[in-house]
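See structure below.
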Amino acid sequence: MVAVCTVVLLLSTLVLGESTTHSLRVHERRDAAPLGFTHSGAANADHMLSLRIGLVQNNLQGLYDALRDVSDPSSDKYGQHLSREEVEAFVAPTSDSFSAATTWLNKNGLNATAVSPARDWLAVNISVSQANSLLSADYSLFTHDATSTETIRTLEYSLPTDLQAHIDCVHPTTTFPSVINHSPILESWTRREDTGEVEARDVTPCGSGSPNMVPECLQAMYGIPTTPATQSSNQIAVTGYDGIYAEQADLQSFLTAYRPDVSNTTTYSVISVNNGTDPQWRENAGTEANLDIEYAVGLATNVSAYFVTVGGSFDDALLDAANYLLSMDSPPQVVSTSYGDNENVLSEKLANSICNAYAQLGARGVSILYASGDGGVSGNQASDNCTEFVPVFPASCPYVTTVGATTEQPTEIGASFSGGGFSNYFAQPAYQSAAVASYLSALGSNSSGLIGQLRAPILLEDITLRTGPTHRAILAGAPQIQYSLIID
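Take the sequence shown: its letters are residues -17 to -1, 1 to 471, numbered as in mature numbering (1 follows the signal peptide of the UniProt record, and there is no 0).
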């Protein structure tokens, strides 16, 4: 009987694999689900997860130094952007880290695939029961109260102690998905039957008090050239997430109405990431995507435009889009995104990893623009729940340019809905120190308890631009009036 029990114990150890033979230590933990999510039971043990494993990058400080050198006008290396290979040399994991992670997975019956250009991200398909055993986790169902959307997450996970120095983060674990509506604020939202015509053209260049926030107005206000770009290598991209699509017919109508000097056959090219699509049916036209692509093409005259449509959940899609852009030999020089979520729904490690991907793109000469959000300093939550500044990510990443909004009432001031506040994850870069010190001094005791945990946090907004209320757009064949940031 003793012999039989011994055999059973040995077999159990072999089945469970390496995670039972190494001491485990908690790698990431959150005390509770984010506001608005409720634990609703155990997850199906057979449900399959696509698990991403981020490996420790070998020389992040070298990457940061290189990014500063090519970005600082006072540097001798200003403008000397790095090649793809030079960037990958900074972030590729060491051979020891790659071997340690893949060996651990193999011994647990899992075959990993590298899913990033520098091989710093691995992916495995794994059942909930396997993941619970491998990571000493408790994957459970969580329901979003407002939308009834269900997701499978764990509030903590562990790694073998000898892998802590090799594995940076595992996803999905403690990061919760975005469930917010990513549409701009609308002053007027009326779907009308498509008559084949658009409203009468009114593009008087905007002056004080002008209601016309159209391309001609914005070009006059900010000195944006109206003449066609002459460099064929110039490229701009806007991203689309959460199944929100752009429509080429709406772009043609927009150009006819608001940029008649530009051929209305001008269009954009589609880049699909992770099975992202761009169906050209009127009912699929999305407010956010149409507004983005119409103003990108309408302002950047004769610049090749791309709509990067990304499948999957928002947190996965951010990583997928960044890795796809990093895989390109010549990525677009400007990538504009008007999506974001509360910083605190992401784990700090995952947020840092995505932010480091933007640092890589910046070192290669790609300007990453993010809207600061339209929830003010309360982020994407009800304002009566806001007891501290709630920053929006990726706008809080120090390696992107975050764009806030101003409005004219009657003089130009910060728009009340424009996202802001301070990051709880990212430290303040040196270039912000003087401005932030002055701002905090002006706030005085009003900032007490609101700024968060960091002694010197990054302030979100880098620049601000004029908002509506009358940014004009075309949606599903009908003119619309949008209240939105112009980079949207």
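Where is the CB? At the ideal position from N, CA and C, for every residue including glycine.
- Pairing Thr260 with Tyr422, the inter-Cα distance amounts to about 43 Å.
- Taking a contact as a CB-CB distance under 8 Å, the pair Val256 and Tyr289 does not count as one, their CB atoms being some 11 Å apart.
- For Thr239, the uninterrupted alpha helix (DSSP H) segment begins and ends at 231 to 241.
- Sequence-distant Cβ neighbours of Pro100 in its own chain, meaning closer than 8 Å and more than five residues away, are Arg67, Glu71, Asn306, Leu309, Ser310.
- CA-CA distance, Tyr224 to Gly323, rounds to 10 Å.
- Inclusion of Leu282 and Thr320 in the CB contact set at 8 Å is not warranted, their separation being larger than that value.
- DSSP, read as helix, strand or coil, puts Trp104 in strand.
- Listed in chain order, the non-local C-beta contacts of Leu426 below 8 Å within the same chain number zero, local neighbours out to five positions each way being set aside.
- The alpha carbon of Gly356 has as its nearest neighbour, out of Gly404, Gln316, Pro315, the alpha carbon of Gly404.
- CA-CA distance, Ala220 to Leu7, rounds to 43 Å.
- In this structure Thr222 is in contact with Val291, their Cβ atoms being roughly 5 Å apart against a cut-off of 8 Å.
- Apart from sequence neighbours up to five positions away, the residues of its chain that approach Val375 with a beta-carbon distance below 6 Å are Gly323, Gly356, Gly362, Gly402, ordered along the chain.
- In the DSSP assignment, Phe20 forms a beta bridge with His127.
- For Leu65, no beta strand (DSSP E) run applies, since DSSP gives it neither H nor E.
- A distance below 6 Å between beta-carbons, with the five flanking residues on each side excluded, links Thr96 to the following residues of its chain, in chain order: Ala106.
- Spatial neighbours of Val74 in its own chain (CB-CB distance under 8 Å, excluding positions within 5 residues in sequence) are listed in chain order as Gln40, Asn41, Asn42, Leu43, Leu46, Ala101, Asp103, Asn339, Gln343.
- A distance of 8 Å or more separates the beta carbons of Ile135 and His22.
- Bridge pairing for Ala288: Ile219 [DSSP].
- Taking all protein chains shown into account, Ile109 has 16 or more neighbouring C-beta atoms within 10 Å of its C-beta and is therefore buried.
- Secondary structure at Arg51: helix, using DSSP grouped into helix, strand and coil.
- Taking a C-beta distance under 8 Å as the contact criterion, Ile446 and Val386 qualify as a contact pair.
- Per DSSP, reduced to three states, the secondary structure at Tyr422 is helical.
- Distance from Leu124 to Gly19 at the Cβ level is roughly 15 Å; contact not present, criterion being Cβ atoms closer than 8 Å.
- Under the 10 Å beta carbon count, Thr156 is surrounded by 16 or more other beta carbons and is classified as buried.
- In the displayed model, Tyr341 falls within a helix according to three-state DSSP.
- The beta carbons of Asp233 and Ala268 sit closer together than 8 Å.
- When the alpha-carbon of Asp244 is set against those of Gln415, Pro208, Tyr228, the nearest one is in Pro208.
- In its chain, beyond the 5 residues on either side, Arg67 have a beta carbon closer than 8 Å to the beta carbon of Asp312.
- Counting along the chain, Asp299 sits inside the alpha helix (DSSP H) bounded by residues 297 to 310.
- If you draw a straight line from the Cα of Arg35 to the Cα of Gln147, it is about 16 Å long.
- Taking all protein chains shown into account, Tyr61 has fewer than 16 neighbouring C-beta atoms within 10 Å of its C-beta and is therefore exposed.
- For Val318, the beta-bridge partners assigned by DSSP are Ala220, Ile351.
- Distance from the CA atom of Ala16 to the CA atom of His127, rounded to whole angstroms, is 10 Å.
- Assignment of Glu133 by DSSP, reduced to helix, strand and coil, places it in the strand class.
- Tyr382 has its alpha-carbon roughly 31 Å from the corresponding atom of Gln231.
- For Val280, the enclosing alpha helix (DSSP H) covers residues 270 to 282.
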